[in-house]
Amino acid sequence: ILNVEQSPQSLHVQEGDSTNFTCSFPSSNFYALHWYRWETAKSPEALFVMTLNGDEKKKGRISATLNTKEGYSYLYIKGSQPEDSATYLCASPLDSNYQLIWGAGTKLIIKP
Amino acid sequence: EPEVTQTPSHQVTQMGQEVILRCVPISNHLYFYWYRQILGQKVEFLVSFYNNEISEKSEIFDDQFSVERPDGSNFTLKIRSTKLEDSAMYFCASSAYGNTEAFFGQGTRLTVV
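Read top to bottom, the protein sequences are chains B and Y. When we follow our numbering, the leftmost residue of the first sequence carries the number 791, and every step to the right adds one. When we follow our numbering, the leftmost residue of the second sequence carries the number 246, and every step to the right adds one.
What follows is the structure, given as structure tokens:
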């Protein structure tokens with residue numbers, strides 16, 4: 791069974807500080823790694839879909855890296871702002887049927 | 246831009262009643278999902294659906310729940326004999342394939358009284 795794990799479970803960060811958190815997944819039979827941001831009372835929003843080892847993607851102050859050989863991805867937020875407060879979810883397809891297996895999420899709280 | 250739509254946006258139901266939450270996924274997508282978030286808690290996966298059948302379901306998705314794609318466009322979640330603890334935000338999502346991003350609807354807030 792494929793397990794996608796995220797750490798930490800929650801994170802409090804001072805406004806203006808940079809932060810990062812981790813998504814771990816089995817490195818065998820890798821297909822893709824997804825990152826989503828889920829703000830309270832809103833629907834989840836896709837941030838990145840990464841497929842290649844060493845891939846790095848960036849959207850504004852948010853970036854992500856991917857290491858498929860060791861089975862982890864980091865999400866970085868530079869200069870955290872209150873609007874970054876959300877739960878960040880990662881997910882990876884189970885197998886060639888591409889059923890997404892989701893991590894439990896990292897809840898990020900930005901303190902003003 | 247294509248989007249996933251969910252109806253209703255808010256549903257209030259009496260405990261013990263049955264509810265049907267409706268979703269219209271993006272038309273060329275092949276994979277469909279239901280998630281829920283109880284207020285203040287984490288996102289919970291309920292079920293995924295592909296090729297007109299359930300491909301995966303969580304422990305939450307017991308006999309009280311069922312999903313259906315009745316007409317090739319709608320994707321419904323039925324909750325029988327609702328309980329107070331079923332009150333949550335229910336999100337539908339769809340994706341073209343598993344290695345493409347999932348698009349989420351705006352959610353249905355279910356309140357069981």
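Backbone N, C-alpha and C define an ideal beta-carbon position, used for all residues, glycine too. As the structure is a prediction and not an experimental result, all values here were calculated from the model.
- Under the three-state reduction of DSSP, P834(B) is assigned to coil, being neither helix nor strand.
- Interface flag for Q351(Y) against chain B is set, since a Cβ pair is found closer than 8 Å.
- Chain order gives the chain Y residues near S833(B) as F336, F349, G350, Q351 and G352, where near means a beta carbon separation below 7 Å.
- Cβ atoms of T877(B) and W825(B) stay farther apart than 8 Å, at about 11 Å.
- Residue-level contact by beta carbon fails for A876(B) and chain Y, as no gap is shorter than 8 Å.
- Contact annotation: the region 270-277 of chain Y touches the region 333-348 of chain Y, with at least three C-beta pairs closer than 8 Å.
- The shortest CA-to-CA distance from S817(B) to any of L898(B), G893(B), L856(B) and L865(B) is the one to L856(B).
- A contact between stretches requires three or more CB pairs, one per stretch, nearer than 8 Å, and the region 889-900 of chain B meets this requirement with the region 792-807 of chain B.
- According to the DSSP assignment, E289(Y) belongs to the beta strand (DSSP E) that extends over V288 to Y295.
- An exposed status is given to T841(B), since fewer than 16 other beta-carbon atoms sit within 10 Å of its beta-carbon.
- Within a 10 Å sphere around the beta-carbon of D307(Y) sit fewer than 16 other beta-carbons, which makes this residue exposed.
- Put simply, the backbone Cα of Q804(B) is about 15 Å away from that of R851(B).
- Residues L322, Y335 and T353 of the same chain have their beta carbon placed closer than 6 Å to that of L266(Y), with the five preceding and five following residues left out of the count.
- For S254(Y), the closest of Q799(B), K832(B) and S797(B) by C-alpha to C-alpha distance is K832(B).
- Secondary structure at P883(B): strand, using DSSP grouped into helix, strand and coil.
- Pairing E313(Y) with V269(Y), the inter-Cα distance amounts to about 12 Å.
- Around K859(B), the same chain offers S817 and N843 as residues with beta carbons nearer than 8 Å, after the five sequence neighbours per side are excluded.
- Taking a beta-carbon distance threshold of 8 Å, V292(Y) does not count as an interface residue toward chain B.
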